[in-house]
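Enquirer: If you scroll down you'll find the structure; I have some questions about it.
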Amino acid sequence: MKLLHIDSSILGDHSASRQLSQSVVKAWQAAEPSSVVTYRDLANDAISHFSSLTLAAGGTAAELRDAAQRHEAELSAATLEEFLAADAIVIAAPMYNFSVPSQLKAWIDRIAVAGKTFRYTENGPEGLAGGKKVVIVSTSGGLHVGLPTGVGHEDYLKVLFGFLGITDIEFVRAHGLGYGEEVRAKSMSDAQALISDTLFAAA
373 MKLLHIDSSI
383 LGDHSASRQL
393 SQSVVKAWQA
403 AEPSSVVTYR
413 DLANDAISHF
423 SSLTLAAGGT
433 AAELRDAAQR
443 HEAELSAATL
453 EEFLAADAIV
463 IAAPMYNFSV
473 PSQLKAWIDR
483 IAVAGKTFRY
493 TENGPEGLAG
503 GKKVVIVSTS
513 GGLHVGLPTG
523 VGHEDYLKVL
533 FGFLGITDIE
543 FVRAHGLGYG
553 EEVRAKSMSD
563 AQALISDTLF
573 AAA
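Going by our numbering, the sequence shown opens with residue 373, and the numbers climb by one from there.
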């Protein structure tokens, strides 16, 4: 089992999504001790945002003379390779301003690649990255699930991974974290219980 662990919060040790994503990975390793984990911290080792330079770096690094383009090509290739090689992905996705962090969006822009993870056919788009399991650790200060304010967060991620052919998606939620200490503590406790009692109960 190859497990890819993605963190994107800018809050470091104070991050709820980082705490919970680490718990998911630890539970996964306990359930499957042979798991090999690849970790990418998108806040502390940021991937640059999608730009004309990243498009120009679409060739292989060896074909490019410009150092910046070579770096972008190498980074894009490594990010995509990690994603394609993974059997499962744990993604910490806090809500920032009704959407995912821009750091996570930059990672998504590197893995959503025509001809690699999806393609267009006469019958419409086809995802090429099926067979993977994705666990999304969803955190937010408010309560947005099922509301218009949540469309750019969880709904976006469902659409994105579905477009890539991934349908085995589970959410670990800790929401309402800004509603006071009591609500925050219960939300975190419920999320931890889901991880330990439900998510890996069959493992």
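Don't be surprised by glycine CBs; every beta carbon is placed ideally from N, CA and C.
Return the first residue and the last residue of the beta strand (DSSP E) that Ser510 is part of.
Expert: Taking the first residue of the sequence shown as 1, we reach residue 510 at position 138. First-last of the beta strand (DSSP E) with Ser510: Lys505 to Thr511.
Enquirer: With burial defined as no fewer than 16 other Cβ atoms inside 10 Å of the residue's Cβ, what is the status of Gly522: buried or exposed?
Expert: Counting from one through the sequence shown, the residue named residue 522 turns up at place 150. Buried, because 16 or more other Cβ atoms sit within 10 Å of the Cβ of Gly522.
Enquirer: If you pair each beta-carbon of the region 496–505 with each one of the region 386–402, do three or more pairs fall below 8 Å?
Expert: Cβ pair count under 8 Å is below three, so no.
Enquirer: Rounded C-beta distance between Thr451 and Ile483? I'm assuming under 8 Å.
Expert: Translated into the one-based positions of the sequence shown, residue 451 becomes position 79. Translated into the one-based positions of the sequence shown, residue 483 becomes position 111. Contact flag correct, Cβ pair sits at about 6 Å.
Enquirer: Ignoring anything shorter than 4 residues or poking outside the region 458–533, list the alpha helix (DSSP H) runs there in chain order.
Expert: 474–483
Enquirer: Ala546 bridges to which residues according to DSSP?
Expert: Counted from its first residue, the sequence shown places residue 546 at position 174. Bridge partners of Ala546: Thr511.
Enquirer: In whole angstroms, what is the alpha-carbon distance linking Ala402 and Phe490?
Expert: Along the sequence shown, read from residue 1 onward, the residue named residue 402 stands at position 30. Along the sequence shown, read from residue 1 onward, the residue named residue 490 stands at position 118. If you take the alpha carbons of Ala402 and Phe490, they lie about 33 Å apart.
Enquirer: Considering just the uninterrupted stretch of the beta strand (DSSP E) at Leu375, what are its terminal residues?
Expert: As a first step, residue 375 is located in the sequence shown; it is residue number 3 there, counting from the start. Lys374 to Asp379 is the extent of the beta strand (DSSP E) around Leu375.
Enquirer: Let's test the definition: count the other Cβ atoms within 10 Å of the Cβ of Lys558 and tell me whether it reaches 16, buried, or not, exposed.
Expert: Residue mapping note: residue 558 aligns to position 186 of the sequence shown, counting from 1. Exposed, by the Cβ-count rule.
Enquirer: Using C-beta distances below 6 Å, list every residue in its chain close to Gly513, excluding the 5 sequence neighbours before and after it, in chain order.
Expert: Counting from 1 along the sequence shown, the entry for residue 513 is found at position 141. So the qualifying residues of the chain are Leu549 and Gly550.
Enquirer: In this structure, does DSSP put Ala575 in helix, strand or coil?
Expert: On the sequence shown, residue 575 is found 203 positions in, with the first residue counted as 1. Legend: pLDDT at Ala575 = 45, less than 50; position of this residue unreliable, value from coordinates given subsequently. Three-state result, Ala575: coil.
Enquirer: Would you mind giving the Cβ-Cβ distance between Ile463 and Val509, rounded to the nearest angstrom? I have them listed as a contact below 8 Å.
Expert: As a working mapping, residue 463 is identified with position 91 in the sequence shown. As a working mapping, residue 509 is identified with position 137 in the sequence shown. Between Val509 and Ile463 the Cβ distance is about 7 Å, and since that is below 8 Å, they are a contact.
Enquirer: Quick check on DSSP: helix, strand or coil for Ile538?
Expert: Your numbering for residue 538 matches position 166 in the sequence shown. If DSSP states are grouped into helix, strand and coil, Ile538 belongs with coil.
Enquirer: Return the bridge partner residues of Tyr411 from the DSSP annotation.
Expert: Here residue 411 corresponds to residue number 39 of the sequence shown, with the count starting at 1. According to DSSP, residue pairing for Tyr411 in a beta bridge involves His377.
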